[in-house]
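Below is one structure, written out as structure tokens, with a few remarks after it.
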Amino acid sequence: MRLATWNVNSLKARLPRVEEWLSTFRPDVLCMQETKCADDAFPLMTFQAMGYDGVHYGVGRWNGVAILSRVGIEHVVAGFGDGDTEDAEARLLWGTCAGVRIGTVYVPNGREVGHEQYQYKLRWLDRLRRKVASERPSSEPLIVCGDFNIAPDDRDVYDPAVYVGATHVSAPERAALQSMLDWGMVDVFRRFYDAGGLFSWWDYRAGNFHKGKGMRIDLILMTETLAERATSVLIDRNARKGKGPSDHAPVVVDIDVT
DNA sequence: ATGGTCGCGCAGCGA
């Protein structure tokens with residue numbers, strides 16, 4: 006199975022790039038974040054014409070998540086579906102593709118440390134951890150991928166000094182991510198790369214992409230039973246180049262599920 | 001030149 010995650014930063018603005026990318030990589034599953042569209046504006050037929058089924062959860066303008074699959078999508082759940090009051094923002098969507106339970110996540114940005122949005126981010130991450138643990142036993146195949154808005158460690162930012170005191174690197178955020186890893190999820194990218202300087206997001210401003218000033222905040226977490234079958238991972242930074250890119254690059258994993 | 005970007009949606013905010 007080839008699975009990818011990509012924060013597209015508006016599906017409407019990015020559709021030509023997404024179509025081009027799909028036809029090149031032909032993933033079995035593509036999880037998207039920040040579609041910024043409502044469900045009735047999701048261009049499902051465009052994807053169907055390319056052989057993909059798709060589900061979307063969004064209310065327009067901000068956030069919005071989607072899953073495309075050419076190996077089927079079943080048991081779709083929008084949001085946490087944990088019985089508590091549903092989050093007002095569309096940041097989480099689940100589906101089962103070829104027997105693998107998959108969640109696409111757009112973790113809140115947090116704005117700045119201590120901000121009300123930062124507290125929301127930490128609460129959201131804790132709720133995600135509980136949701137993940139209730140979704141499947143850690144011994145079973147489970148993938149949670151997307152824009153976590155967390156750089157797992159200092160290798161994942163271009164200059165740790167720049168980010169002292171900032172969101173995305175704070176100890177509580179990293180601890181929240183670590184608690185999911187402790188439960189049994191693997192940041193599969195790190196199974197293949199030890200180096201720093203390998204990023205998935207670069208600010209549009211000030212030519213940061215061309216200066217190599219980025220962060221790795223788009224993650225594919227999977228349970229060990231899948232991670233041990235992963236055969237390759239890459240961040241397609243070519244997708245960040247050229248005219249009209251998202252500020253995020255897709256992350257792709259190949260898993261031998263035969 | 002002394003900042004430098006996008007997207008949404010039409011001002012200014014969020015990232």
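Going letter by letter, the first sequence gives residues 6 to 263 in our numbering. Each residue gets a CB set at the ideal place from its N, CA and C atoms; glycine is no exception.
Looking at the structure shown, is residue i part of a helix, part of a strand, or coil, going by DSSP?
| i | result |
| --- | --- |
| R66 | coil |
| M220 | strand |
| Y209 | coil |
| H61 | strand |
| N243 | helix |
| R141 | coil |
| A181 | helix |
| A54 | coil |
| A43 | strand |
| S28 | helix |
| A1 | No answer is possible for residue 1: the residues shown for the chain start at 6 and end at 263. |
Opposite residue i in the DSSP bridges: which residues?
| i | result |
| --- | --- |
| W99 | V82 and G108 |
| I72 | C36 and V60 |
| T228 | M190 |
| W11 | M37 |
| H253 | W206 |
| E238 | First, the residue type needs correcting, since residue 238 is Val and not Glu in the sequence shown. Paired residues: V258. |
Measure how close the beta-carbons of residue i and residue j come, nearest whole angstrom, since I'm counting them as under 8 Å.
| i | j | result |
| --- | --- | --- |
| G151 | T109 | 5 Å |
| L16 | I260 | Actually they are not in contact, since the Cβ atoms of L16 and I260 sit about 25 Å apart, beyond 8 Å. |
| F153 | I222 | 6 Å |
| V193 | A235 | 5 Å |
| T40 | A71 | 5 Å |
If you count every other CB in all the chains shown that lies within 10 Å of the CB of residue i, and 16 or more means buried, which is it?
| i | result |
| --- | --- |
| R96 | buried |
| W67 | exposed |
| Q53 | exposed |
Exercise for review: Could I get the ranges of all uninterrupted beta strand (DSSP E) runs contained in the region 113-171, with 3 residues as the minimum, in chain order?
Suggested key: Whole beta strand (DSSP E) segments, 3+ residues: 147-152.
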